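Colleague: In order, the protein sequences belong to chains A and B. Mapping the first sequence onto the working numbering, position 11 (from 1) lands on 710, and the numbers just tick up by one. Mapping the second sequence onto the working numbering, position 507 (from 1) lands on 670, and the numbers just tick up by one. Structure provided below as structure tokens; questions to follow.
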Amino acid sequence: MFWKQLLPQFCAFVGVSIAPLTSADRYQIQFVDDENKPVEFAVIAHPNAPVTEALLPAEPAVIDQIDMQFSPMVIAIEQGRTVSFPNSDNIRHHVYSFSKAKRFETKLYANKPDAPILFDQAGVVVLGCNIHDTMIGYIYVSPWRDFAVSDQNGIAEIQAAEAPQSLEYWHPWSLLPNQIITHNIQDWPETGPLILKLMLNKPEPQPELKTFKRRYLK
Amino acid sequence: MKMSLRNRIAIFFLSLLIVSTIATIGSVLLATNNSVKVQAQAKLNVGKKVFEQLLNERGNQLLNSATVLVADFGFKDAVTSNDQATIESALVNNRNRINADLMMLITLNGEVISSQQAHQLDTAYIKVLLKSDQTKSGLSGIFLIQDEIFQYVMLPVKAPITLAWAIVATRIDKEFALQLKELTNLDVIFKAKGNKNNVAFVSTIESIQADIHARSSNDTSIKELLSQHELNYLTLAVKLSESDFFEINAFLNTSLRESFLQFYPLKVQIVIIAGITLILSIISAFFLARKITSPIINLAKVTKEVSSGNYKEIIEPNHSSVEISRLSEHFNIMQKEIASREEKLTYLAYNDSLTGVANRSYLIKQLSDSISSTPNKEIAIVRIYIDKFKEVNDTFGYDIGDALLIAFAQVLISYTYRTHYVARLNAAEFAVILNNVNDNTITEKITNFQTILEYPLSVHDLRLKNHIIMGISFYPKQGNEAEQLLRRSEIALNHAKDFKLDYFIYEEGQDERHLRQIDLINGLKEALKADALNIHYQAKVDSKLNVVNQVEALLRWVHPKYGVISPEEFITLAEQTGLMPSLTNWVLTNVFTQASRWKKQGLGITIAVNLSAYDLVSDFPKNLELLLIKHQLQPDDIMLEITESAVMNNPEVAIQVLHRLKKIGFSLSIDDYGTGYSSLSQLKNMPIDELKIDKSFVIHLDSDKNDQAIVKSTIELAHNIGLSVVAEGVETLQSFSMLKHWGCNKLQGYLISRPISASDFETWLQEYKVPEASS
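Pasting the structure below:
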């Protein structure tokens with residue numbers, strides 16, 4: 700099973716090995732959990748070159764709201780880029796954030812908000828919907844130029860001229876939420892992606908506290 | 164201690180009642196107490212459910228409010244503002260909005276971001292709380308902050324991920340306790356002990372709430388506290404919270420006093436009812452006891468009367484109880500029977516059972532009464548004896564004898580009816596007391612008696628003719644006392660019998676003689692016992708040998724009152740009263756002893772002993788033989804003298820005895836010869852050796868020619884049939900000489916010696932010289 704999942708990754712490695720002549724090499728990192736299963740939505744950044752004005756894409760990034768979920772749940776953007784929150788559901792949403800990196804709210808709306816929101820502070824922005832508590836989304840606002848979000852296979856790929864000496868990564872379910880971890884790398888592996896193990900606490904759907912109950916604690 | 168039956172019954176019932184009353188009251192009290200406790204317990208159990216529901220309800224309200232609060236966008240906005248003042252104000256505002264007493268914000272790490280409260284929760288406790296919330300969905304419960312108890316809810320503040328924790332709490336204070344009290348009708352105490360010696364205390368009982376010591380005390384239990392305040396409560400503890408940081412308990416209390424008060428009227432009623440019952444019971448117990456015992460007391464009274472001989476009082480058997488009625492009835496029957504039995508006994512005591520006439524006792528009583536009531540009248544006491552009645556019994560049997568007596572008595576009664584008394588004194592002897600009869604008028608009465616009583620009587624087809632003998636005495640002429648008069652009539656009767664008279668009237672002096680005889684008989688008995696008799700010895704002279712070689716033993720008795728009593732008198736009495744064997748025995752013992760003594764002394768004296776007719780019985784010879792052996796004597800040391808009349812009394816046996824005596828070797832002499840039968844034919848049959856001529860022929864021998872002829876021929880006769888002859892009463896030398904001349908073998912009399920004692924005789928013998936016979 701594990702190997703089946705790793706098969707495309709293996710092919711990619713073949714791809715990498717046949718493109719050594721380009722000026723910038725591609726470096727792959729694979730995120731796994733403590734059961735070695737690939738972890739999606741992990742964000743990785745190379746603290747090497749800051750974002751420059753010129754590199755900022757003109758169009759905003761997009762987080763859609765489909766079936767009362769942010770889609771995708773996690774995006775990573777350059778510091779200073781705008782994000783648009785189109786509403787694909789036929790109900791209204793009230794998107795907000797109380798995160799330090801960006802506090803905002805878009806009052807109840809359908810289809811598309813008036814304007815994209817600018818994220819000019821680096822950091823993690825947690826998105827919520829005021830009327831749908833189960834909707835949680837994340838925007839990783841990166842001050843660095845090179846970053847990536849892991850796909851279903853846990854693979855995230857960044858381009859660099861030479862092998863990065865350190866990397867920053869983050870995952871919304873990490874045991875220490877909102878904390879960006881800086882990881883120093885001694886040796887990149889000769890072959891294959893750099894495997895990073897994440898300690899995650901995947902949020903299960905929690906029952907609400909419905910009734911008062913006395914507790915006896917020891 | 165003896166107790167009366169009445170008291171016993173009363174006390175028994177009373178103690179029974181008291182015990183049952185106490186038991187009843189006790190059980191009622193016990194039951195009510197139990198009931199109170201059970202009810203109280205039930206009330207507590209119900210109260211506890213209500214209490215918990217109320218507590219949870221309040222918690223739910225708090226939870227609801229808090230849930231709404233933490234979901235509020237504005238609230239989230241405020242608490243994430245990072246501005247402490249804003250956060251504080253938001254908390255205060257929202258706390259007020261949901262009417263909570265406490266609100267605090269805590270970071271995910273358990274640090275308090277904000278709390279408007281001056282005092283704060285222990286951080287360690289918060290961390291434990293957070294850790295314990297595995298689901299991260301929130302907690303609720305009760306905690307202690309310093310000296311206050313709170314009901315709290317801890318909820319996550321999500322935006323949308325959990326950013327912080329909000330704790331919202333309301334105070335459990337007296338106000339709440341009073342609410343609980345109102346709803347549960349129980350007194351509520353909340354007590355909390357913290358691990359920092361902090362204590363919280365809330366009570367709806369004012370006196371306890373006011374007790375500062377109780378409130379601050381860490382250890383005093385609620386029970387002790389209640390008892391310290393003299394409160395009678397039943398308490399149920401409900402644990403509210405328990406942790407290493409504090410322990411919180413609620414105590415639900417219901418006052419037993421109030422419950423007991425409910426039963427108070429019941430208890431009073433029961434005590435009153437028991438009291439009344441007891442009093443009524445005491446009265447009825449005493450009444451019942453009296454009712455049971457009063458007839459018994461009555462019976463006891465009557466019993467006492469009966470014992471003193473009063474049978475008149477009849478008990479009325481009208482008592483309500485069957486037993487007592489029956490007892491009374493039986494008692495009356497018993498009384499009647501005792502009376503009738505006593506009557507019978509009296510009758511028997513005073514009447515002759517055969518003939519129905521009075522007995523001796525009654526006769527004496529009647530006579531005494533008669534004399535004392537009318538001392539001046541004259542009375543004749545007539546004793547009537549049916550002569551030869553014994554023959555009737557012997558011939559016809561006792562039935563006829565009895566029938567004769569009855570018929571005889573009937574005749575007597577019919578003659579003396581109402582005017583005189585009749586009594587039966589013994590077998591064939593009756594007595595009649597004739598009033599107003601004296602010695603002048605008695606003859607007529609005697610003739611009458613003879614006429615009617617000797618008339619033949621028809622008894623069982625027999626015609627029996629009686630001969631009666633009567634003895635009569637008179638009052639007052641011959642005595643003043645009943646006993647005396649009766650005795651004198653008896654003496655008269657005996658005299659008539661002895662002299663074969665038809666009747667005899669008592670003569671003066673008879674009674675005295677009679678009494679003297681009785682005295683002598685008694686005296687003789689005593690003299691025999693006391694050895695107060697003497698034997699004197701009178702010498703006999705052998706006319707051929709001219710020596711004294713024989714004596715006659717003569718019994719001599721000196722009565723202390725009557726002086727010397729003649730042997731004839733007392734021996735006759737001894738014979739009549741059955742004293743003869745003892746007397747003979749006494750005489751023989753002494754004579755044999757004396758003979759033995761003289762034999763040892765070599766005196767050569769034979770002792771002659773007089774025998775009575777009563778001695779001539781079959782075992783007499785054997786006794787004499789034994790005496791000979793005992794005293795080492797030979798038969799010829801003793802001579803036996805027997806009167807002719809003694810032999811003639813029962814000649815067959817007597818002669819047989821004489822033969823046996825003769826065979827043993829005794830010499831036999833016929834005493835007093837010439838005064839009795841002097842039957843020569845008998846004399847011929849008797850194995851005798853000697854004739855003893857009676858002294859009446861000898862005393863005047865010297866002067867009386869007839870006596871001389873009789874004595875001389877008797878001596879010749881005797882000698883001719885081979886008998887020797889003894890003459891007694893020799894008082895003159897002339898008589899002595901004549902007798903010697905005629906060949907009389909032995910001579911005895913005052914001329915030779917009077918009867919003298921053994922010792923005197925011994926002296927006399929040494930000096931005596933036989934007189935020379937005159938020619």
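Positions of the beta carbon are idealized from the N, C-alpha and C atoms, including for glycine. All values reported here derive from a predicted model rather than from experimental measurement.
What does Leu341(B) touch in chain A if you count any residue whose Cβ is under 7 Å from its own?
Modeller: Per Cβ cutoff of 7 Å: no residues; Leu341(B) is ~21 Å from chain A at best.
Colleague: What does the alpha-carbon distance come out to for the pair Glu856(A) and Ala744(A)?
Modeller: Using only the alpha carbons, I get a separation of about 10 Å.
Colleague: Does the CB of Glu405(B) have a neighbour CB from chain A at under 8 Å?
Modeller: It does: the Cβ of Glu405(B) has a partner Cβ on chain A nearer than 8 Å.
Colleague: Tell me which residues share the same chain as Val595(B) and place their Cβ nearer than 6 Å to its Cβ, disregarding the 5 neighbours each side in the sequence.
Modeller: The residues are Val545, Thr579, His583 and Val585.
Colleague: Can you pull the DSSP bridge partners for Trp869(A)?
Modeller: The partner list for Trp869(A) (beta bridge, DSSP) reads Val742(A).
Colleague: Can you list the beta strand (DSSP E) stretches of 3 or more residues lying completely in the stretch 619 to 683 of chain B, in chain order?
Modeller: DSSP runs (the beta strand (DSSP E)) wholly in the stretch 619 to 683 of chain B: 620 to 622, 625 to 627, 630 to 638 and 666 to 668.
Colleague: Counting pairs of Cβ atoms below 8 Å between the stretch 195 to 214 of chain B and the stretch 440 to 458 of chain B, do you hit three or more?
Modeller: Counting Cβ pairs under 8 Å, fewer than three are found: no touch.
Colleague: By the criterion of Cβ-Cβ separation under 8 Å, what are the contact partners of Gln878(A) in chain B?
Modeller: Neighbours of Gln878(A) on chain B: none; closest Cβ ~12 Å, over 8 Å.
Colleague: Smallest Cα separation from Pro902(A): which of Val761(A), Val742(A) and His870(A)?
Modeller: Residue His870(A) is the option with its Cα nearest to Pro902(A).
Colleague: Tell me, which residues are paired with His831(A) by DSSP?
Modeller: According to DSSP, which records beta bridges pairwise, His831(A) is partnered with Cys828(A).
Colleague: Do Met901(B) and Leu854(B) count as a contact pair if the criterion is CB distance below 8 Å?
Modeller: No, the pair does not count as a contact, with Cβ atoms beyond the cut-off.
Colleague: Go to Trp720(B), then tell me how far its beta strand (DSSP E) extends in each direction, as first and last residue.
Modeller: Note, Trp720(B): beta strand (DSSP E), Val710 to His722.
Colleague: Counting only Cβ pairs nearer than 7 Å, list the residues of chain A close to Ser190(B).
Modeller: In chain order: nothing, as chain A lies at least about 44 Å away.
Colleague: Give the straight-line distance between the Cα atoms of Leu346(B) and Thr333(B), rounded to the nearest whole angstrom.
Modeller: Distance between the alpha carbons of Leu346(B) and Thr333(B): 19 Å.
Colleague: Could you tell me which chain A residues have their CB closer than 9 Å to the CB of Leu302(B), listed as they occur along the chain?
Modeller: Per Cβ cutoff of 9 Å: Leu908, Lys912 and Arg914.
Colleague: So, is His493(B) buried or exposed, given that buried needs 16 or more other C-beta atoms within 10 angstroms?
Modeller: So His493(B) counts as exposed.
Colleague: Terminal residues of the continuous beta strand (DSSP E) containing Asn697(B)?
Modeller: Here the beta strand (DSSP E) through Asn697(B) covers Leu696 to Asp705.
Colleague: From the DSSP output, in three-state form, read off Leu817(A) for me.
Modeller: Here Leu817(A) sits in strand by DSSP.
Colleague: Mapping DSSP to helix, strand and coil, what is Ile774(A)?
Modeller: Correct three-state label for Ile774(A): strand.
Colleague: Restricting to runs no shorter than 4 residues, where is the alpha helix (DSSP H) found entirely within the stretch 719 to 786 of chain B?
Modeller: List check, alpha helix (DSSP H) in window: 730 to 740 and 743 to 764.
Colleague: Quick check: the Cα distance between Ala173(B) and Ile445(B), rounded to an integer number of angstroms?
Modeller: Answer to the nearest angstrom: the Cα atoms are 8 Å apart.
Colleague: Nearest to Leu896(B) by alpha carbon, out of Glu879(B), Leu914(B) and Lys868(B)?
Modeller: Taking only the C-alpha atoms, the option nearest Leu896(B) is Leu914(B).
Colleague: I'd like the span of the beta strand (DSSP E) that includes Lys157(B), first residue to last.
Modeller: Residue 157(B) lies beyond the range of chain B shown here (164 to 938); nothing can be said about it.
Colleague: Measuring alpha carbon to alpha carbon, tell me which residue in Leu736(B), Gln757(B) and Leu678(B) is nearest Lys724(B).
Modeller: Selected option, being the one with the closest Cα: Leu678(B).
Colleague: Per DSSP, what are the beta-bridge partners of Met266(B) in this structure?
Modeller: Looking at the DSSP assignment, Met266(B) forms a beta bridge with Val331(B).
Colleague: Relative to chain B, which residues along the stretch 765 to 791 of chain A have a C-beta separation below 8 Å, given in chain order?
Modeller: So the list is empty, because no residue satisfies the distance condition.
Colleague: How many Å lie between Leu720(A) and Glu777(A) at the Cα?
Modeller: The pLDDT assigned to Leu720(A) is 39, lower than 50, so where the model puts this residue is not dependable; a value taken from the coordinates is nonetheless given after this. So the two alpha carbons sit approximately 28 Å from each other.
Colleague: Which of helix, strand or coil does DSSP assign to Ile547(B)?
Modeller: It is a strand residue.
Colleague: Kindly identify the DSSP beta-bridge partner or partners of His904(B).
Modeller: The partner list for His904(B) (beta bridge, DSSP) is empty, contrary to what the question assumes.
Colleague: Just to make sure I have the definition right: I need the residues of chain B whose C-beta is within less than 7 Å of the C-beta of Gly827(A). Which are they?
Modeller: Those are Ala322 and Pro323, listed as they occur along chain B.
Colleague: Below 7 Å on C-beta distance, what does Gln905(A) contact in chain B?
Modeller: The contacting residues are Thr298, Lys299 and Ser300.
Colleague: With DSSP collapsed to three states, give me the class of Thr721(A).
Modeller: Reliability of the predicted coordinates at Thr721(A) is poor, the pLDDT of 45 falling under 50, and no value is obtained from them.
Colleague: Tell me which residues of the stretch 795 to 812 of chain A have at least one Cβ-Cβ distance to chain B shorter than 9 Å, keeping chain order.
Modeller: Those would be Tyr795, Ser796, Phe797, Ser798, Lys799, Arg802 and Glu804, in chain order.
Colleague: Where DSSP assigns a beta bridge to Gln768(A), which residues make up the other side?
Modeller: Ile765(A), per the DSSP bridge assignment.
Colleague: Apply the 10 Å Cβ neighbour rule to Asn245(B) and answer buried if 16 or more other Cβ atoms are within range, or exposed otherwise.
Modeller: When all chains shown are included, Asn245(B) counts as exposed.
Colleague: Taking just the CA atoms, how far does Glu387(B) sit from Asp310(B)?
Modeller: Distance between the alpha carbons of Asp310(B) and Glu387(B): 21 Å.
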